[in-house]
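Below: one structure, written as structure tokens.
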Amino acid sequence: MNALWKIFRLVLKEQKTAILRGAVLSLVVLLAGIALLSLSGWFITAAAAAGLIGMGAVFDVFSAAATVRFLALGRTAARYGERVLTHDATLRALTTLRTKLLSTTANATHDQLMRLRAPQALNRLMADVDALDGVILRLILPLAAGVLAQLITFGVLWWLVDLRVALWMVSGFLVGSAIILIWTARAATQPSSQEEAVAQSFRSHFIDLMRARADLAVYGQLLRQGKDTLDIDANRQRHQSHLDRIERRSGFALSLMGTIISAGVLVIGMTLTETGDLTPALAAIGFFASLALMETVGPLRRAMAELGRMLVAAERVDESLAPPPLRAHCSDYGETAELHIANLSFRRSDAKRPVLSDISLTIPSGESVALTGASGSGKTTLLLLVARLLNPSSGNILIGSVPLSNWDESKLRSSMTLVPQRSILMSGSIRTALHLADPTATDEDLWRVLEAVSLASVIKPKNGLDFNLGAMGSGLSGGETRRLVLARAILRRPKLLLLDEPTEGLDADLALLVLQGIRSYLPDATILMASHRDVEKNWTDYSIDIDKLAVTALTN
Amino acid sequence: MKSAETKPEIDKHTLKQMIAPIGKRIRAASALGVASSSIWPLQAAVVASAIAGLLPGQSGGLGTFISVAIFSALGLLRAGLTYFAEGQTFKAGLQAVTSIRREIVEREMQTIDTTSAASTAALATEKLDMLVPYIIHYAPAHARVIVLPLILLAITFWFSWAAGIVLLITGPLIPVFMALVGMAAKEASQRQMEDIGTLNNVLIERLSALTDIKLLDASTAVIAEFSDGADRLREKTMRVLRIAFLSSTVLELFSAIGVAMMAVYVGFELLGMIEFGTYVEPLSPAAGIFLLLLAPDFYQPMRDFSAAWHDKASALAVAGELAKWRAETPQKLLGQGANVEPLSGAPHIKLQGLVVNTGSTEIRYSDIKIVQGESVALMGPSGVGKTTLLKLLAGLLSPDEGKITVSGQPLNDETADAWRARMGWMPQVPHFLNMNLAENISLGQSGDLNAATRAAAIDDVIAALPGGLQTHLGETGGGLSGGEARRITLARALFAMPDILLVDEPTADLDEGTAKQVMAGLALLINRGCTLIVATHDPVLAAMMDRTVLIGGAS
């Protein structure tokens, strides 16, 4: 509930004016509807009474008729305005919410990003946020407008008709619908959040089934995965049917409540007319108003049934909206790009074994070093630590003379770049792919950097910079993709370049050509690369075995 | 499906087909719905006579308590009928959607194409769900719009021809306007749906590339770009909504004007200020009140139907996607991928005259025999069909010509599952299921997990993971390097203790040390007597095998 309230406040802050205006209009719609029906009922009954006693000529028929027309048109206009206003405001607020969510996701730690399952994250950004549109549109606005409309009706009926009619009708609606709607919300919260969880589980089982089909088939698990997937769907249907039953019961109860209240108003009105306390026309007002008041509770039934889904969505969204960490600022970063690592250790929380322990290393500005060692010895982890994608458990990293933790994010990224083992390209032209690294680069700059990684001659016959990559950068071979990723990184002209097995998938001659191209493009950069290929090791100024770094530190 | 049909026809045809099995249920529910809505005129008659009975000189009402009792009983009946009718349509909707979902899952269980998993999943989940509102609303609203306005019109004409004409004039304008708006709505909602699809695809890419985006300091630009896309989607959504609101506003306007005209006419008539519109006698007060109570319900079915019109537009769009999915002709898997008793007999393999069409090229394989316990390297240039041969041997693909004999039996739908029960498989790029690492290795079988991870030399890597064997990995093993992910698939193969292991490029892109570890793991299997078939470019690995088979014409 707390999360739901927070989201509501967020949306309200974002779109205060529009939502307040929308709220006023929703109230106008409800009141005009009640007034229209009541007035028509009064008008007809009063007209009949006047006609019967031959007073037709003196009855002020024209102002009544004009009011009926005014209410009819006014209500229609207000309804249109209210809908456009509140929907637009809600959609705007949700767009802002989505953007905020994406930027907090982008600020997540490296380990979180590595384990991020894109379809699930997508679901949070799209489906969960979509589920929140009901918070304003179907829950809070109708609730506020409905209660206000009932209270105002109470006042008007008391003044115009009779306290007893007003009391029965409005307290009936307030108490009756409160009981029914609260029951609905309570009964539906659990199944509706379960339904959502089961729907997610269906999606993830089904995607796994499709993506890992070959593995599952060979290990004899495809049929089981399929059965599990269908079982989950059957389970989801059970929840859906349960929810539907709750919602229909709630609708039945509300409809019955309306009938009972109208019947009661009729009884009270008729009795009071017989005793002469009320005219028939005023009694008719009461009855017609009771019919119209149903409109104040009807739309809420849906919202109550959806409450569970909204709560889950609000909690997940709220959880993901944690603010990014603040960084200390530093004004002078210096010009050199010497890399200094001292007594660095890294262990993941709950892991049995540290990945790195007590590593020390200094690379003077402008030198290139190949970091060697068996797979699993922590080369990649060391690069991630230097790139500040991971935070060390202990020890220090300095770039220039500034501790890594003191670097401003943007400044750090412009001074240093890492090319990870697996990089992902996105669909779009080669130009778009490179502009991601530097939006200000001219076509001439782009050709120069493509030349440096020996990609220019490959791209030229393929429509040049306008060559379009497919989804996830498809359309280039593995080696071409690798070179494009390298080009993207060096286009930023970093002072410190970190490369993780940069020439994987390139044959030795081409690898050397690319490495030389990188050096001549960045003559002054400090380069640290994780490497296991001879061509890379031979090209750098020197190689260091990562296992020896810890030993050196010990002997020092 | 005839190729001559246009896309809208296919969509309509598919939609009709989708709801055909639930037709009976829907018709029953629609009849219940009509019955429930026809109770209101009765309630209105009771109330009208009761209120009119209060007027001086009017009598013949049923009396307070009888009127109220009948009114309430009818209300109860109406609520009850609605309850049952809605229950029936919901069940029908669920039934239709479930059977289509089952169709999708079952076909995907038997095919081997791995393209477009995300969009197929979207079709099976949120898109199919969009059919439910259509099923629930459209047919019942259609039934009501055909029956109720006519009944109410007839009743109104019975009392007063002028009041009937009021309804007659305002009523038919509604469907005309609705059709115009409906056409615009369909187009707009299709555009909006395409936009949702595009935005989702863009977002999936961005989410997968967040690390790269961060390293390139492009977060701000990417977020701004996304925000623009989301804003465009909002505008398109608003365009759809504006049309929907406009159409319902117009309907509401007609209905409000109709009710107001009715009130004014009836009022004037009762006052005696107009004296036309009735047949013999002027309108009685009871008839006047009755007509006023009926008027809103004359328009209500048309308004419901117009709302359902929008549900139909999205249902048609979903039907179109389903038709597209049905038109695909994916490769079928041999067998079901079930966990069955392994095939008996020595696992010898014999390939005779195999030919496979991969769409663009035709691959012909020379005849090959592999006996139990043999280790074979499949070599040849990239794209020559090494991976395809492994898939053929696993029964994941079936050849266009020729036959494969395993353990003395033809590899076909009957034997494939039992054959695979003896088999292990190491793909080049693994997909990790959304389960923890232990479950990803064991895949539901029992055995010694620690022995397998030790033999694959992966226990050190697992020890450095935050949750050890309980860690959940990203889809493609995010958090592990390529070599580590490869060794996880080796552990999976070792764990399953297969008689035959098919391996695709196990040492590609690995450093020497890791390649050695992987080869040691494979050697372990050879020593256990496992038949090993390895597609590779690596001469060192090939040398470890008993023999090398060259795939491709040059040999």
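Protein chains in written order, with our numbering: chain U, 1 to 556; chain F, 557 to 1111. Note that the Cβ used here is the ideal one computed from N, Cα and C, for glycine as well. Everything numeric in this text was worked out from a predicted model, so none of it was measured.
- The beta carbons of Gly844/F and Ile44/U sit about 5 Å from each other, so the pair counts as a contact at 8 Å.
- Around Thr417/U, the beta-carbon contacts reaching into chain F at under 8 Å are Leu771, Leu772.
- Taking one beta carbon from each stretch, the region 1043-1054 of chain F and the region 1003-1017 of chain F have 3 or more pairs nearer than 8 Å; the two touch.
- Taking a cut-off of 8 Å on C-beta distances, the region 994-1010 of chain F does not touch the region 967-984 of chain F, as fewer than three cross pairs fall below it.
- In summary, Thr754/F is exposed, with fewer than 16 beta-carbon neighbours lying within 10 Å of its beta-carbon over all protein chains present.
- Ser40/U is not a Cβ neighbour of Ala879/F, given a cutoff of 8 Å.
- Within the region 1043-1077 of chain F, the runs of beta strand (DSSP E) that reach at least 3 residues and sit entirely inside it are, in chain order, 1056-1060.
- In the same chain as Ile626/F, and ignoring 5 residues on each side of it, the C-beta atoms closer than 6 Å to its own belong to Val602, in chain order.
- Unbroken beta strand (DSSP E) stretches of 3 residues or longer found wholly inside the region 947-1019 of chain F: 957-962, 979-982, given in chain order.
- By the criterion of at least three beta-carbon pairs nearer than 8 Å, the region 510-530 of chain U is in contact with the region 481-500 of chain U.
- By the Cβ criterion, the region 865-885 of chain F is not in contact with the region 699-715 of chain F, since fewer than three pairs of Cβ atoms, one from each stretch, lie closer than 8 Å.
- Here Trp865/F is buried: its Cβ has 16 or more other Cβ atoms, across all protein chains shown, within 10 Å.
- Along the region 347-362 of chain U, going in chain order, the ones with a CB nearer than 9 Å to a CB of chain F are Arg347, Arg348, Ser349, Asp350, Ala351, Lys352, Arg353, Pro354, Val355.
- Ranking Ser320/U, His532/U, Asp534/U by CA distance to the CA of Asn123/U puts Ser320/U first.
- For Lys379/U, the enclosing alpha helix (DSSP H) starts and ends at 379-386.
- In this structure, the straight-line span from the alpha carbon of Ala718/F to that of Thr259/U is close to 31 Å.
- DSSP assignment within the region 456-510 of chain U yields the following whole alpha helix (DSSP H) runs of 4 residues or more, N-terminal first: 456-459, 478-490.
- CA-to-CA, the gap between Ser290/U and Arg83/U works out to about 24 Å.
- His205/U and Ser672/F have their C-alpha atoms spaced approximately 15 Å apart.
- Rounded to the nearest angstrom, the Cβ distance from Pro841/F to Leu611/F is 6 Å, consistent with a contact under 8 Å.
- The three-state reading of DSSP puts Tyr542/U in strand, counting E and B together.
- According to the DSSP assignment, Leu339/U belongs to the beta strand (DSSP E) that extends over 339-346.
- When rounded, the separation of the alpha-carbon atoms in His340/U and Pro364/U is 8 Å.
- A straight line joining the alpha-carbon of Leu899/F with that of Gly376/U spans about 39 Å.
- For Phe832/F, no chain U residue has a C-beta closer than 8 Å to its own C-beta; the minimum C-beta separation is roughly 15 Å.
- Distance from the Cα of Ala1020/F is smallest, within the candidate group Asp111/U, Met304/U, Arg236/U, Asp215/U, for Asp111/U.
- When beta bridges are read from the DSSP output, Pro403/U appears opposite Leu398/U.
- Counting only residues of its own chain and dropping the five nearest sequence neighbours on each side, Leu174/U has a CB closer than 8 Å to the CB of Val147, Gln150.
- Two segments are said to touch when three or more pairs of C-beta atoms, one from each, lie closer than 8 Å; by this definition the region 76-91 of chain U does not touch the region 342-359 of chain U.
- Listed in chain order, the non-local C-beta contacts of Asp860/F below 6 Å within the same chain comprise Ala697, local neighbours out to five positions each way being set aside.
- For Ala977/F, a Cβ of chain U is located within less than 8 Å of the residue's own Cβ.
- The three-state secondary structure of Asp567/F, taken from DSSP, is helix.
- A direct Cα-Cα distance of roughly 11 Å separates Glu761/F from Val778/F.
- Contact annotation: in the region 850-880 of chain F, no residue has its CB less than 7 Å from a CB in chain U.
- In its chain, beyond the 5 residues on either side, Ser592, Ile595 have a beta carbon closer than 6 Å to the beta carbon of Arg634/F.
- Distance from the Cα of Gly176/U is smallest, within the candidate group Arg301/U, Leu137/U, Leu223/U, Ala127/U, for Arg301/U.
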